[in-house]
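**Q** Just so you know, the sequences run in chain order A and B.
Following this note's numbering, the numbering of the first sequence begins with 47 at its first residue and continues without gaps.
Following this note's numbering, the numbering of the second sequence begins with 47 at its first residue and continues without gaps.
Okay, here's the structure, questions in a sec.
Protein chains: 2
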Amino acid sequence: MKKALSFDIGGTKISFAIIDNKGNILNNIEKISTPNTKEDIYNSLKNIVNKYKNEFDIITIATAGAVNNENTKILSSTGNLPVGYNEIDFQSLSIDKKVVIENDANCSVWAEYQLGSGKDCGENIVLLTLGTGVGGGIIVNGKLLKGKSGSAGEMHFVIKNKKRACTCGFYDCYEAYASGNGLKNTAREIYNESTITTYDVINDVKKNDERAILALNEWQHDISLGIIGLVNIFDPNCVILSGSMAQFIDYKKINNFVNNNIVVQKTEIKKGYFDNNSGIIGAALFGFDKLKGED
Amino acid sequence: MKKALSFDIGGTKISFAIIDNKGNILNNIEKISTPNTKEDIYNSLKNIVNKYKNEFDIITIATAGAVNNENTKILSSTGNLPVGYNEIDFQSLSIDKKVVIENDANCSVWAEYQLGSGKDCGENIVLLTLGTGVGGGIIVNGKLLKGKSGSAGEMHFVIKNKKRACTCGFYDCYEAYASGNGLKNTAREIYNESTITTYDVINDVKKNDERAILALNEWQHDISLGIIGLVNIFDPNCVILSGSMAQFIDYKKINNFVNNNIVVQKTEIKKGYFDNNSGIIGAALFGFDKLKGED
Chain A
47 MKKALSFDIG GTKISFAIID NKGNILNNIE KISTPNTKED IYNSLKNIVN
97 KYKNEFDIIT IATAGAVNNE NTKILSSTGN LPVGYNEIDF QSLSIDKKVV
147 IENDANCSVW AEYQLGSGKD CGENIVLLTL GTGVGGGIIV NGKLLKGKSG
197 SAGEMHFVIK NKKRACTCGF YDCYEAYASG NGLKNTAREI YNESTITTYD
247 VINDVKKNDE RAILALNEWQ HDISLGIIGL VNIFDPNCVI LSGSMAQFID
297 YKKINNFVNN NIVVQKTEIK KGYFDNNSGI IGAALFGFDK LKGED
Chain B
47 MKKALSFDIG GTKISFAIID NKGNILNNIE KISTPNTKED IYNSLKNIVN
97 KYKNEFDIIT IATAGAVNNE NTKILSSTGN LPVGYNEIDF QSLSIDKKVV
147 IENDANCSVW AEYQLGSGKD CGENIVLLTL GTGVGGGIIV NGKLLKGKSG
197 SAGEMHFVIK NKKRACTCGF YDCYEAYASG NGLKNTAREI YNESTITTYD
247 VINDVKKNDE RAILALNEWQ HDISLGIIGL VNIFDPNCVI LSGSMAQFID
297 YKKINNFVNN NIVVQKTEIK KGYFDNNSGI IGAALFGFDK LKGED
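Structure follows, in structure tokens:
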């Protein structure tokens with residue numbers, strides 16, 4: 047039985063746990079706030095590694111941002127993390143254990159593919175993490191889609207001509223509409239109020255507020271537009287929606303709408319099984335697969 | 047030296063030639079008009095096969111429409127070909143030679159990847175065929191992207207909210223803007239004339255007509271929007287533009303615009319090397335690879 051010390055590093059918090067090669071979380075998942083400097087992030091990780099040093103065979107890290115094809119380092123700066131985060135020498139966290147890094151959405155799809163909602167689905171899967179932003183993890187013929195440098199799966203493709211600014215510097219990207227922030231901005235247009243939050247919309251939907259329902263429907267419609275495109279491009283066995291916003295999707299409705307408007311064979315849109323734990327579990331499973339490759 | 051009798055079956059014509067395993071066309075490319083019924087298509091192919099029966103080792107077919115993962119048959123009806131085209135029993139064209147079928151855009155990207163503009167580019171390539179419609183052929187880690195059933199690479203993803211109808215039954219798809227028909231429809235909006243053809247626009251551009259230049263620029267901008275999305279999704283080594291409309295692209299301009307607006311590492315957008323012969327050449331090369339797999 048192999049064990050991983052697995053981290054999920056995001057803009058606001060770092061989660062970690064010991065995970066075995068069946069994907070079981072052996073202790074409770076612990077969480078700390080993400081420190082504000084790259085040095086403090088490194089030192090926090092190092093302290094955790096030292097604390098658990100006799101309890102794992104491999105260190106695995108799910109992280110925001112693009113990771114190289116060798117799974118050793120982060121390729122470029124990532125918006126929500128401190129300047130220089132990509133320069134952290136993760137490999138030096140252990141002198142004798144392997145350190146495997148992968149993008150968080152890629153880890154999520156790996157967890158879902160191996161043990162979750164995508165387990166019996168097939169070898170071609172598209173996963174979207176719907177949170178503050180939108181991430182993408184894609185499995186093609188049983189392997190992670192990484193591209194020439196490792197950054198594949200970025201959900202920045204234009205879906206409208208409304209000139210809504212996107213975090214990437216461009217405009218009208220899928221992320222600008224399908225994310226939690228996208229719902230917020232769509233609601234602000236509908237309410238004609240500039241202070242509405244995503245939380246307000248969700249709350250107002252519960253109160254049957256017509257504007258909130260309209261915003262949520264438009265948000266789901268926008269999500270489905272992107273899914274239609276991705277399904278036509280990848281012809282996947284299934285599409286998995288993960289992340290904090292995936293619970294607000296009407297899966298019956300979105301399955302009907304997408305399947306009625308694609309040109310490829312029918313697919314299935316499902317909610318992720320592991321919810322917010324897919325990152326640490328997926329990183330661990332992916333790391334174990336890398337160890338296996340070396341045996 | 048292996049030889050293929052290779053066909054490219056489109057809505058208006060069928061091209062064919064004998065091609066060796068270096069991709070050389072050994073005789074002239076011959077062309078016939080595509081017959082109007084599935085029976086006549088089959089009989090035409092059969093006559094050609096009989097005529098050349100001692101001159102080839104394999105029959106290869108590039109075709110409009112989606113082809114299954116076993117490369118034996120067409121999955122569903124395709125708009126520009128006669129009803130029942132997908133029911134043709136291509137395997138019965140020869141009793142002793144293998145018959146390998148693949149989608150025409152997939153054949154094109156295979157030709158470009160093996161011997162054309164994508165030869166020294168890398169293992170991840172996106173190819174777009176810009177003709178009356180838009181086709182897509184994608185190479186991931188040196189293999190054709192086929193998806194669960196074989197239909198992957200369909201360029202039907204929404205890029206606007208203008209409600210322009212698409213051939214697929216949906217609206218605002220990339221094909222509806224980036225194709226030759228897309229240019230025509232964009233020009234009709236700009237000219238405010240419902241009879242303008244793609245040919246008129248190209249002719250008017252040569253005469254420095256401002257409306258035509260505006261339409262061509264908008265068409266190229268729309269093409270680049272889709273390329274930005276595809277590059278962010280696939281992180282490809284290069285993007286190849288093929289088909290009859292690829293000659294009207296300003297490659298310097300589109301390279302600058304795309305590379306300034308992607309979130310992944312820089313890529314290169316190139317014109318295809320084989321132009322309209324990439325289908326028959328790619329089908330042949332793909333077929334030879336299948337033969338090799340069986341040796």
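Even glycine gets a Cβ: it sits at the ideal position worked out from N, Cα and C.
1. Can you name the residues that DSSP bridges to T232/A?
2. Using only alpha-carbon positions, find the residue among G179/B, N132/B, S240/B, G183/B that is nearest to L173/B.
3. Touching or not, the stretch 263-275 of chain A and the stretch 225-233 of chain A, by the rule of three or more beta carbon pairs under 8 Å?
4. Going by the CB atoms, is the gap between S140/A and V180/A shorter than 8 Å?
5. According to DSSP, is D54/A helix, strand or coil?
6. What are the start and end residues of the alpha helix (DSSP H) that includes N96/A?
7. For a quick check, are the C-beta atoms of I326/A and I87/A less than 8 Å apart?
8. Based on the DSSP output, what are the partners of D66/A in its beta bridges?
9. Give the secondary structure of A211/A by DSSP, where H, G and I count as helix, E and B as strand, and everything else as coil.
10. Which complete alpha helix (DSSP H) runs does the stretch 110-184 of chain A hold, if anything under 4 residues is left out?
11. Could you please give the first and the last residue of the uninterrupted alpha helix (DSSP H) stretch that includes V304/B?
12. By Cβ distance below 6 Å, which residues in the same chain neighbour C214/B in space, the five residues on each side in sequence not counted?
13. Are the C-beta atoms of T191/A and some chain B residue less than 8 Å apart?
14. Is there contact here, the stretch 302-320 of chain A with the stretch 286-293 of chain A, by at least three beta-carbon pairs under 8 Å?
15. Hey, is the stretch 95-107 of chain A in contact with the stretch 144-154 of chain A, meaning 3+ C-beta pairs nearer than 8 Å?
16. If G352/A and I205/A are in contact, beta carbons under 8 Å, what's the gap, nearest whole angstrom?
17. Provide the residue span of the beta strand (DSSP E) that contains L287/B, from first to last.
18. For N278/A and Y98/A, I'd like the C-alpha separation in whole angstroms.
19. Mind pulling the chain A residues with CB within less than 8 Å of H11/B?
20. Where does I279/A sit, in a helix, a strand or coil, going by DSSP?
21. For E101/A, tell me which candidate among V129/A, L51/A, I60/A, N82/A has the shortest Cα-Cα distance.
22. When DSSP labels each residue in this structure, what does V247/A get in the three-state scheme?
23. Can you tell which of S240/A, L176/A, N132/A, I315/A has the C-alpha that lies nearest to the C-alpha of K119/A?
24. Taking DSSP's pairing of strands, which residues face L190/B in a bridge?
25. Quick check on the burial criterion: 16 or more other C-beta atoms within 10 angstroms. Buried or exposed for Y297/B?
26. Suppose the cutoff is 7 Å on Cβ atoms and the five residues either side in sequence are ignored; what does the same chain contact list for Y217/B look like?
27. Please look up how many angstroms separate the CB atoms of K48/A and F332/A, rounded, as I've assumed it's under 8 Å.
28. If I follow the unbroken alpha helix (DSSP H) through E239/B, where does it start and stop?
29. State the CB to CB distance for the pair I308/A and I274/A, rounded to an integer number of angstroms; the pair is presumed to be in contact (CB under 8 Å).
**A** Straight from the coordinates:
1. In the DSSP secondary-structure assignment, T232/A is not bridged to any residue.
2. G183/B
3. yes
4. no
5. strand
6. 84-97
7. no
8. DSSP lists K49/A as the bridge partner or partners of D66/A.
9. Reduced to three states, the DSSP call for A211/A is strand.
10. 150-161
11. Per DSSP, V304/B is one residue of the alpha helix (DSSP H) stretching across 297-306.
12. H202
13. A quick correction: the sequence has Leu, not Thr, at residue 191/A. At least one chain B Cβ lies under 8 Å of L191/A.
14. As far as the Cβ criterion goes, the stretch 302-320 of chain A touches the stretch 286-293 of chain A, which means the pair count is three or higher.
15. yes
16. This structure gives no information on residue 352/A, because the portion of chain A shown stretches from 47 to 341.
17. 284-288
18. 45 Å
19. Residue 11/B falls outside the range modelled here, since chain B spans only 47 to 341, and no answer is possible.
20. helix
21. L51/A
22. helix
23. N132/A
24. Its beta-bridge partners are I185/B.
25. exposed
26. K209, R210, A211
27. Actually they are not in contact, since the Cβ atoms of K48/A and F332/A sit about 13 Å apart, beyond 8 Å.
28. Note, E239/B: premise wrong, no alpha helix (DSSP H); not H, not E.
29. 6 Å
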